[in-house]
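Take 2 as the starting number for the sequence shown in our numbering and just add one per residue. Don't be surprised by glycine CBs; every beta carbon is placed ideally from N, CA and C. Inspection log for the structure reproduced underneath, given as structure tokens.
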Amino acid sequence: MQVDVAITRYPRRIVCLTEETTETLYLLGEEERIAGVSGYTVRPPEARKKPRVSAFITAKFDKIMDLQPDLVLAFSDLQAGISAELIKRGVNVLTFNQRSVTEILQMMLTLGRIVGAGAKAEPRRPEMLGTTRLFGGLSPDSMSDFAAPWKRRGTCASRASDHCSRRQFFSRKCR
Numbered sequence: 002m003q004v005d006v007a008i009t010r011y012p013r014r015i016v017c018l019t020e021e022t023t024e025t026l027y028l029l030g031e032e033e034r035i036a037g038v039s040g041y042t043v044r045p046p047e048a049r050k051k052p053r054v055s056a057f058i059t060a061k062f063d064k065i066m067d068l069q070p071d072l073v074l075a076f077s078d079l080q081a082g083i084s085a086e087l088i089k090r091g092v093n094v095l096t097f098n099q100r101s102v103t104e105i106l107q108m109m110l111t112l113g114r115i116v117g118a119g120a121k122a123e124p125r126r127p128e129m130l131g132t133t134r135l136f137g138g139l140s141p142d143s144m145s146d147f148a149a150p151w152k153r154r155g156t157c158a159s160r161a162s163d164h165c166s167r168r169q170f171f172s173r174k175c176r
């Protein structure tokens, strides 16, 4: 027996503990859902006006709880302690672990679907994965060498995306 379930309510109050998810929500036109951001968020500039609730491996739990989030977005095992504490407090937490161009794109597509904006992110996926101009001519397969310095420092490999604006991910300019 197949049961179809329609989601009628997407997360409305999202706390982003990393810049990547904040920027992705802005690019999808879903910035009104963002209730709080990491103190390291610099893009887009208007996101700096949102309440800052965390550093990269520390968080202001009371401030996050005051925002009454229905979803917190985190990154990797580096934020596992933050995620665990928020889960203990009854908050839904989704932790991404993007460490390659393909995984960055998958995170963006997944996040689009979670907020009901999947149609804005989905149609361009083949273009994004097929381009060699993305990230300064690097293909997804060659990104592991490029991202290695960030991995060694324990920083999100998606910092490599500084070489290609995420705005290009959602445009046809990356062809």
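Going by the DSSP bridge assignment, what does residue i pair with across the sheet?
i, result
"residue 73", "16 and 94"
"residue 60", "55"
Would you mind reading off the limits of the alpha helix (DSSP H) that contains residue i?
i, result
"residue 35", "It is not in any alpha helix (DSSP H) - residue 35 instead sits in the beta strand (DSSP E) that spans 35-39."
"residue 110", "102-115"
Determine the closest residue to residue i out of the options, with distance taken between C-alpha atoms.
i, options, result
"residue 105", "77, 82, 87 and 90", "77"
"residue 70", "47, 49 and 95", "95"
"residue 60", "75, 46 and 83", "83"
"residue 41", "11, 20 and 10", "20"
"residue 118", "18, 29 and 93", "29"
"residue 36", "74, 58, 2 and 5", "74"
"residue 62", "93, 86, 112 and 52", "86"
"residue 11", "114, 120 and 121", "114"
"residue 116", "91, 97 and 32", "32"
Can you tell me which of the three DSSP states residue i falls into?
i, result
"residue 2", "coil"
"residue 42", "coil"
"residue 10", "coil"
"residue 80", "helix"
"residue 30", "coil"
"residue 118", "coil"
"residue 87", "helix"
"residue 68", "coil"
"residue 21", "helix"
"residue 47", "helix"
Report yes if the C-beta distance between residue i and residue j is below 9 Å; otherwise report no.
i, j, result
"residue 16", "residue 43", "no"
"residue 48", "residue 23", "yes"
"residue 13", "residue 26", "no"
"residue 65", "residue 79", "no"
"residue 112", "residue 120", "no"
"residue 54", "residue 110", "no"
"residue 52", "residue 68", "yes"
With a threshold of 9 Å between beta-carbons, can residue i be considered close to chain D, or not?
i, result
"residue 120", "Looking at the structure shown, chain D is missing, and only one protein chain is on hand."
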